[in-house]
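Chemist: Dropping the structure in here first, questions after.
In the numbering used here, the protein residues as written are 312 to 354.
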């Protein structure tokens, strides 16, 4: 059973590499913007 699990993991890695090569790397979600406090009393 362990051999089958190892084989499946290798196949997953290989298919992910093929998909990345054909379509580009996996899309990363945009980072969440952090609000910056502004001191409006000076304006």
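Beta carbons: idealized from backbone N, C-alpha and C, even for Gly.
1) Taking the alpha helix (DSSP H) that residue 327 falls in, what are its first and last residues?
2) Compute the Euclidean distance between the alpha carbons of residue 313 and residue 323, then round it to the nearest angstrom.
3) State the Cα-Cα distance for the pair residue 349 and residue 321, rounded to the nearest angstrom.
Modeler: Taking the structure as given:
1) 313-334
2) 15 Å
3) 51 Å
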